[in-house]
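Trainee:
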Amino acid sequence: MSDSNALAISLFSELLTADQLLRNRLTRVLPNRMEISHFSVLNHLARGGAERSPAQLARSFHVTRGAMTNTLTKLENSGYIHIRPDWDDARRKMVSISPAGAQARDAALDAITPLINEMVSELGEAKVRAALPVLRELRTKLENE
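Under full-length UniProt numbering, the first residue of the sequence shown is numbered 1, with each subsequent residue one higher.
1) Let me know if Ile97 comes out buried or exposed under the rule of 16 or more other beta-carbons within 10 Å of its beta-carbon.
2) With a threshold of 8 Å, are at least 3 pairs of Cβ atoms found where one atom belongs to the region 96 to 113 and the other to the region 34 to 49?
3) Would you identify the three-state DSSP class for Ala96, choosing helix, strand or coil?
4) Between the Cα of Gly48 and those of Val134, Ala102, Leu142, spot the shortest distance and give me the residue it belongs to.
5) Figure out for me which residue from His62, Asp110, Leu135, Asp88 has the closest Cα to the Cα of Ser37.
6) Could you have a look at His82 and say whether DSSP puts it in helix, strand or coil?
7) Helix, strand or coil, according to DSSP, for Arg91 in the structure here?
8) Check for me: the alpha helix (DSSP H) holding Leu16 runs from which residue to which?
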């Protein structure tokens, strides 16, 4: 195996392992058996402030429309989002965060913030700042393929 192959395999092995470990930790601290996908959608809607269609959300999260529909159904059943018809195109729907969803998102942020802050503190801010541009560039390359 060449050094470049070993380097690439090591990089992706570390990324995938870190992703799995982080997801496990976040899942344990999220309130009310909230899933990471639920928090991610609520956070996206809260930060963006505007309604989004299910297709737009699926594209934003790089998942199938079916997967997004499943997540949205669970969020709607929990009262965390509102789904209404698109008044301009009856075939489409529009999604917005509800007041209960905003509260759930805030509670989730309160639960995960200490965990994230602890990790950044343990690694050191300088290392985290140095890693971010590389991770962003990798994400951008993967998104464009």
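Every residue gets a Cβ at the ideal spot worked out from N, C-alpha and C, and that includes glycine.
Fair warning: this is a prediction, and the values are worked out from it, not measured in the lab.
Mentor: Well, looking at it:
1) buried
2) yes
3) According to the sequence displayed, residue 96 carries Ser and not Ala. Ser96 falls in the strand class under three-state DSSP.
4) Ala102
5) His62
6) The answer is strand: DSSP assigns His82 an E or B state.
7) When DSSP states are grouped into helix, strand and coil, Arg91 belongs to the coil group.
8) 3 to 29
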